[in-house]
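Inspection log for the structure reproduced underneath, given as structure tokens.
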Amino acid sequence: MRVLMVLIQKEFTQIFRNSFIPKLIFVFPVMVMLLLPMIMTMDVKNVKVAVVDLDRSSFSRRIISHIGASEYLSLAGTADDFAVAMRMTDEGLADAVLQIPAGFGRKFGTPDAEKIGIMANAVNATKASIGMQHVLQTAAGAISEIMAEDGIDGNANDFVTVTYRYNPTLDYRHYMIPALMIMLFILVCGFIPALSIVGEKEAGTIEQLNVTPAGRMTFILSKLIPYWLVGLFVLIAAMLIAWLVYGLAPAGSIWLILLGSELFILTISGFSLTVANFSDNSQQAIFVMFFFIMIYMLMSGLLTPVDSMPLWAQKITYFLPPRYFVDIMRSVYLKASTFADLSLNYLALSIFALLFNIAAALSWRKRS
821 MRVLMVLIQK
831 EFTQIFRNSF
841 IPKLIFVFPV
851 MVMLLLPMIM
861 TMDVKNVKVA
871 VVDLDRSSFS
881 RRIISHIGAS
891 EYLSLAGTAD
901 DFAVAMRMTD
911 EGLADAVLQI
921 PAGFGRKFGT
931 PDAEKIGIMA
941 NAVNATKASI
951 GMQHVLQTAA
961 GAISEIMAED
971 GIDGNANDFV
981 TVTYRYNPTL
991 DYRHYMIPAL
1001 MIMLFILVCG
1011 FIPALSIVGE
1021 KEAGTIEQLN
1031 VTPAGRMTFI
1041 LSKLIPYWLV
1051 GLFVLIAAML
1061 IAWLVYGLAP
1071 AGSIWLILLG
1081 SELFILTISG
1091 FSLTVANFSD
1101 NSQQAIFVMF
1111 FFIMIYMLMS
1121 GLLTPVDSMP
1131 LWAQKITYFL
1141 PPRYFVDIMR
1151 SVYLKASTFA
1161 DLSLNYLALS
1171 IFALLFNIAA
1181 ALSWRKRS
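Laid out in structure tokens, this is it:
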């Protein structure tokens, strides 16, 4: 028992002598329990609705006012043309389009009355399914009020029809397969480069590199290039499996996916090497990478819609590279978006890739 107690004391001494691990032990659980329950939520809020009001009656204005007053919906704008509203969904300015047909208020309750049409962006199947229930209930609530005032019997839901765009069957696999590809990039190209450098530090082989004439850029590139190739292999393998097993092929250009993937691989591998350069051992590198990877996965829109997060969390996501790659993968895979549609995402990833790889090169020092 005395030997056991001495060994336990030795382990605690080693832990608290480390300048990093005690901070991680206390800070990590506090950050996880304080922040993640607010961020990681399946509640769907801030569903942006564009309204095409062809009726322009008090009836249609009441429906619009109900949408604006809903705690789950926000009015993205009104339009006179359905094509204009659909462009808003293509550009990410609206999640759904609600069209009120001409003469709806005048013909309401008669056999000639047309139905209100709702078209949802179903790239995110969960958000589309839950969000459209909010839109449907809000529109039906306004219709129910008018039916009660006019003494009309019937079900308000019968006057509304919903269509899902880009993913008509709301197949959750179509939404998650691109996300799983991104997770593979983060894990393979995020963890392994960091462990490679830290492993050399622990094995002592880094000292042999320190006495060679190789410059810092040569050293960094020697660590990055293999994982760029590994990342592309992972992408191609994942895309083939998605196509052969699940029948999901990109609706847009494969070259856009390859371009976005290469930029993201550059970004995450450069970040990984930067972490490794500041880590003394594999334990530190793993915990630091795990901390950031948790944030990347939970706050980038991979699992939870960004629009459903608190406003302060949404602002933080603009500084997370995976947010832009998530948008690229799902937009190209399901919406056939073009380079022009996603140019800002490619620009953001290019900036992150440049900054992280410069940081990796500058943070590596030859040590005697």
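Heads up, the sequence shown is in this note's numbering, so the first residue is 821 and it goes up one at a time. In this text, a Cβ means the ideal position worked out from N, Cα and C, and glycines have one as well.
Problem set entry | Contact under 8 Å by Cβ, residue 904 with residue 952 | For the purposes of this step, residue 904 is taken as residue 84 along the sequence shown, with counting starting at 1. For the purposes of this step, residue 952 is taken as residue 132 along the sequence shown, with counting starting at 1. Their beta carbons are not under 8 Å apart, which means residue 904 does not touch residue 952 by this criterion.
Exercise. If you run the structure through DSSP and keep just helix, strand and coil, what is residue 1188?
Worked result: On the sequence shown, residue 1188 is found 368 positions in, with the first residue counted as 1. Because residue 1188 carries a pLDDT of 40, less than 50, the predicted location of this residue cannot be relied on, and the following value inherits that uncertainty. It is coil, neither helix nor strand.
Exercise. Where does residue 912 sit, in a helix, a strand or coil, going by DSSP?
Worked result: Locating residue 912 in the sequence shown gives position 92, where the first residue counts as 1. In the structure shown, residue 912 sits in coil (DSSP, three-state: anything other than H, G, I, E or B).
For this session: Can you tell me which of the three DSSP states residue 1147 falls into?
Result: Within the sequence shown, residue 1147 is the residue found at index 327, counting from 1. Reduced to three states, the DSSP call for residue 1147 is helix.
Exercise. To the nearest angstrom, how far is it from the Cα of residue 1073 to the Cα of residue 1134?
Worked result: Here the question's residue 1073 lines up with position 253 in the sequence shown. Here the question's residue 1134 lines up with position 314 in the sequence shown. One Cα belongs to residue 1073, the other to residue 1134, and the distance between them is close to 29 Å.
Exercise. What three-state label does DSSP hand residue 1129 in the structure shown?
Worked result: For the purposes of this step, residue 1129 is taken as the residue at position 309 of the sequence shown. Coil, per DSSP.
For this session: Kindly provide the ranges of any beta strand (DSSP E) runs that are 3 or more residues long and lie completely inside the region 1105 to 1129, ordered along the chain.
Result: none
Exercise. Grouping DSSP H, G and I as helix and E and B as strand, with all else coil, what is residue 1066?
Worked result: In the sequence shown, counting from the first residue as 1, residue 1066 sits at position 246. Here residue 1066 sits in helix by DSSP.
Exercise. Where does residue 894 sit, in a helix, a strand or coil, going by DSSP?
Worked result: Mapped onto the sequence shown, residue 894 falls at position 74. Strand at residue 894.
Exercise. Leaving out five residues before and five after residue 1044 in sequence, what residues of the same chain have Cβ atoms less than 6 Å from its Cβ?
Worked result: As a first step, residue 1044 is located in the sequence shown; it is residue number 224 there, counting from the start. Closer than 6 Å at the Cβ level, and outside the excluded window around residue 1044, lie 1089.
Exercise. Does the separation of the CB atoms of residue 941 and residue 916 fall below 8 Å?
Worked result: Locating residue 941 in the sequence shown gives position 121, counting from the first residue. Locating residue 916 in the sequence shown gives position 96, counting from the first residue. Cβ atoms of residue 941 and residue 916: closer than 8 Å.
For this session: Output the distance between the C-alpha atoms of residue 1056 and residue 1063, rounded to the nearest integer angstrom.
Result: Looking up residue 1056 in the sequence shown gives position 236. Looking up residue 1063 in the sequence shown gives position 243. If I take the Cα positions, the gap works out to 11 Å.
For this session: With residue 937 as the anchor, note down where its beta strand (DSSP E) starts and where it stops.
Result: Here residue 937 corresponds to residue number 117 of the sequence shown, with the count starting at 1. Element bounds for residue 937: 936 to 941.
Problem set entry | Span of the alpha helix (DSSP H) around residue 881 | Counting from 1 along the sequence shown, the entry for residue 881 is found at position 61. Taken as a continuous stretch (DSSP letters only), the alpha helix (DSSP H) holding residue 881 covers 878 to 889.
Exercise. If you count every other CB in all the chains shown that lies within 10 Å of the CB of residue 1065, and 16 or more means buried, which is it?
Worked result: Position 245 of the sequence shown, counting from 1, holds the residue named residue 1065. Exposed is the call here.
For this session: Give the DSSP bridge partners of residue 920, in chain order.
Result: On the sequence shown, residue 920 is found 100 positions in, with the first residue counted as 1. Looking at the DSSP assignment, residue 920 forms a beta bridge with 873.
For this session: For my contact list, residue 913 and residue 938 are in at a C-beta cut-off of 8 Å; report their separation, rounded to the angstrom.
Result: Residue mapping note: residue 913 aligns to position 93 of the sequence shown, counting from 1. Residue mapping note: residue 938 aligns to position 118 of the sequence shown, counting from 1. Going by Cβ atoms, the distance from residue 913 to residue 938 rounds to 17 Å, so no, they are not a contact pair.
Exercise. What are the boundary residues of the alpha helix (DSSP H) that includes residue 1166?
Worked result: Here residue 1166 corresponds to residue number 346 of the sequence shown, with the count starting at 1. Boundaries of the alpha helix (DSSP H) harbouring residue 1166: 1163 to 1183, taken from the DSSP string.
Exercise. Mind checking whether residue 1102 and residue 1007 have CB atoms under 8 Å apart?
Worked result: Indexing the sequence shown from 1 puts residue 1102 at position 282. Indexing the sequence shown from 1 puts residue 1007 at position 187. Not closer than 8 Å, so no.
Exercise. Cα-Cα, which of 883, 1053 and 1140 is closest to residue 1121?
Worked result: Counting from 1 along the sequence shown, the entry for residue 1121 is found at position 301. If we check each option's Cα against that of residue 1121, 1140 comes out closest.
For this session: Would you identify the three-state DSSP class for residue 1160, choosing helix, strand or coil?
Result: Taking the first residue of the sequence shown as position 1, residue 1160 is located at position 340. Three-state result, residue 1160: coil.
For this session: Look at the alpha carbon of residue 980 and the alpha carbon of residue 934, and state the distance between them as a whole number of angstroms.
Result: Mapped onto the sequence shown, residue 980 falls at position 160. Mapped onto the sequence shown, residue 934 falls at position 114. Cα to Cα, residue 980 sits roughly 9 Å from residue 934.
Problem set entry | Beta-carbon proximity of residue 1144 to residue 1071, cut-off 8 Å | Locating residue 1144 in the sequence shown gives position 324, counting from the first residue. Locating residue 1071 in the sequence shown gives position 251, counting from the first residue. Their beta carbons are not under 8 Å apart, which means residue 1144 does not touch residue 1071 by this criterion.
Exercise. So what does DSSP say about residue 1138, is it helix, strand or coil?
Worked result: Translated into the one-based positions of the sequence shown, residue 1138 becomes position 318. The answer is coil: DSSP assigns residue 1138 none of H, G, I, E or B.
Problem set entry | Buried/exposed call for residue 1150, threshold 16 Cβ in 10 Å | In the sequence shown, counting from the first residue as 1, residue 1150 sits at position 330. Around the beta-carbon of residue 1150, 16 or more other beta-carbon atoms lie within 10 Å, marking it buried.
Exercise. What is the DSSP secondary structure of residue 984, counted as helix, strand or coil?
Worked result: Within the sequence shown, residue 984 is the residue found at index 164, counting from 1. Residue state, collapsed to three classes: strand.
Exercise. Is the Cβ-Cβ distance between residue 889 and residue 869 less than 8 Å?
Worked result: Walking along the sequence shown from the start, residue 889 turns up at place 69. Walking along the sequence shown from the start, residue 869 turns up at place 49. Going by C-beta atoms, residue 889 is not nearer than 8 Å to residue 869.
Problem set entry | Cβ of residue 1051 within 8 Å of any chain C Cβ | In the displayed structure, chain C is absent; only one protein chain is listed.
Exercise. Is the beta carbon of residue 1096 less than 8 Å from the beta carbon of residue 1017?
Worked result: Within the sequence shown, numbered from 1, the residue matching residue 1096 stands at position 276. Within the sequence shown, numbered from 1, the residue matching residue 1017 stands at position 197. The answer is yes: Cβ separation under 8 Å.
For this session: Report, in whole angstroms, the separation of the C-beta atoms of residue 898 and residue 873, which I expect to be a contact under 8 Å.
Result: For the purposes of this step, residue 898 is taken as residue 78 along the sequence shown, with counting starting at 1. For the purposes of this step, residue 873 is taken as residue 53 along the sequence shown, with counting starting at 1. With 8 Å as the limit, residue 898 and residue 873 qualify as a contact, their Cβ atoms being about 6 Å apart.
Exercise. Where residue 1009 and residue 1022 are concerned, what is the direct C-alpha to C-alpha distance, given to the nearest angstrom?
Worked result: Walking along the sequence shown from the start, residue 1009 turns up at place 189. Walking along the sequence shown from the start, residue 1022 turns up at place 202. Using only the alpha carbons, I get a separation of about 21 Å.
Problem set entry | Best match in 972, 866 and 1013 for proximity to residue 954 [C-alpha to C-alpha] | Sequence index remark: in the sequence shown, residue 954 carries index 134 (1-based). Considering only alpha carbons, the answer is 866.
Exercise. How should residue 1188 be labelled, buried or exposed, when 16 other C-beta atoms within 10 angstroms of its C-beta is the threshold for buried?
Worked result: Locating residue 1188 in the sequence shown gives position 368, where the first residue counts as 1. Confidence is the limiting factor: at residue 1188 the pLDDT is only 40, short of 50, which leaves the residue's position unreliable, though a coordinate-based value still follows. Exposed, by the Cβ-count rule.
Exercise. Name the DSSP beta bridge partners of residue 867, please?
Worked result: On the sequence shown, position 47 is the one that residue 867 refers to. BP columns for residue 867 point to 893.
Problem set entry | Sequence-distant residues of the same chain with beta carbon closer than 7 Å to residue 1113, five excluded per side | As a position in the sequence shown, residue 1113 is number 293, starting the count at 1. Only 1006 and 1010 meet the Cβ criterion.
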